[in-house]
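For the sequence shown, our numbering gives the first residue as 485, with consecutive numbering after it.
These notes concern the structure reproduced below.
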Amino acid sequence: MIEIVSAERCITCDKCIAVCPTNVFDRAPDGLPEIARQEDCQTCFMCEAYCPVDALFVSPTTHPEPVDEAGLGDLLGSYRERLGWGRGRTPGARLAVGPELRRPAPPRDKKGTTS
Ligand code: SF4
Ligand code: SF4
Numbered sequence: 485m486i487e488i489v490s491a492e493r494c495i496t497c498d499k500c501i502a503v504c505p506t507n508v509f510d511r512a513p514d515g516l517p518e519i520a521r522q523e524d525c526q527t528c529f530m531c532e533a534y535c536p537v538d539a540l541f542v543s544p545t546t547h548p549e550p551v552d553e554a555g556l557g558d559l560l561g562s563y564r565e566r567l568g569w570g571r572g573r574t575p576g577a578r579l580a581v582g583p584e585l586r587r588p589a590p591p592r593d594k595k596g597t598t599s
C-alpha cells in the first residue's frame, strides 16, 4: 500500500497520478501528489515504478502501515530500482536467471547439407 510521497525528491511530474489505476492521488495546490484515497490502493507498485526520481514508497502490505521517510533508508524507490528502470540501471529482465536456450540447428539445403 502506498505510504510515502517524498516532498524533498518529487519534481511534480504527475506520472504517479496518471498511472495509478484506482485514482489514489490528488494533485495538491503546491503540485505535489497527495495520497487522497489510500484505502483504494491495490499495492500494484505502478506509481513507484514510474516515478523518475524514486520519490515514492509502496509498502508490500495490503493494509496501511505508516512508515517514517527518514527511517526508510534506501527503500524509497527500491521497487523501481529492482526493475532496473531508470538511467544507468540494467533492466531486470537482463539479470533474470533461467534455462539456457538451445540454438536452432543450421538450415539444410535440398541435398541435406548445412550451409
Ligand atoms: S501502488 Fe498502485 S494502486 Fe497504489 S497508489 Fe500506487 S499506482 Fe495506485
Ligand atoms: S511520479 Fe514521482 S516525481 Fe512525479 S509527481 Fe509522482 S512522486 Fe512526484
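By construction, the Cβ of each residue, glycine as well, lies at the ideal position given by its N, Cα and C atoms.
Kindly indicate which residue of 518, 543, 568, 565 has the alpha-carbon position closest to the one of residue 556. Here residue 556 corresponds to residue number 72 of the sequence shown, with the count starting at 1. Here the closest residue by C-alpha is 543.
Taking all protein chains shown into account, do 16 or more other C-beta atoms lie within 10 angstroms of the C-beta of residue 539, making it buried, or fewer, making it exposed? Counting from one through the sequence shown, the residue named residue 539 turns up at place 55. Buried, because 16 or more other Cβ atoms sit within 10 Å of the Cβ of residue 539.
Using a Cβ-Cβ cut-off of 6 Å (strictly less than) and excluding sequence neighbours within five positions of residue 454, which residues of its own chain qualify? Residue coverage of the chain in this structure runs from 485 to 599, which leaves residue 454 outside it and unanswerable.
Distance check for residue 524 and residue 588, CA to CA, integer angstroms please. The residue you call residue 588 lines up with position 104 of the sequence shown. The residue you call residue 524 lines up with position 40 of the sequence shown. Distance between the alpha carbons of residue 588 and residue 524 is about 48 Å.
Measuring from the CB of residue 524, is there a heavy atom of ligand 1 at a distance below 8 Å? In the sequence shown, residue 524 corresponds to position 40, counting from 1. Indeed, a heavy atom of ligand 1 lies less than 8 Å from the Cβ.
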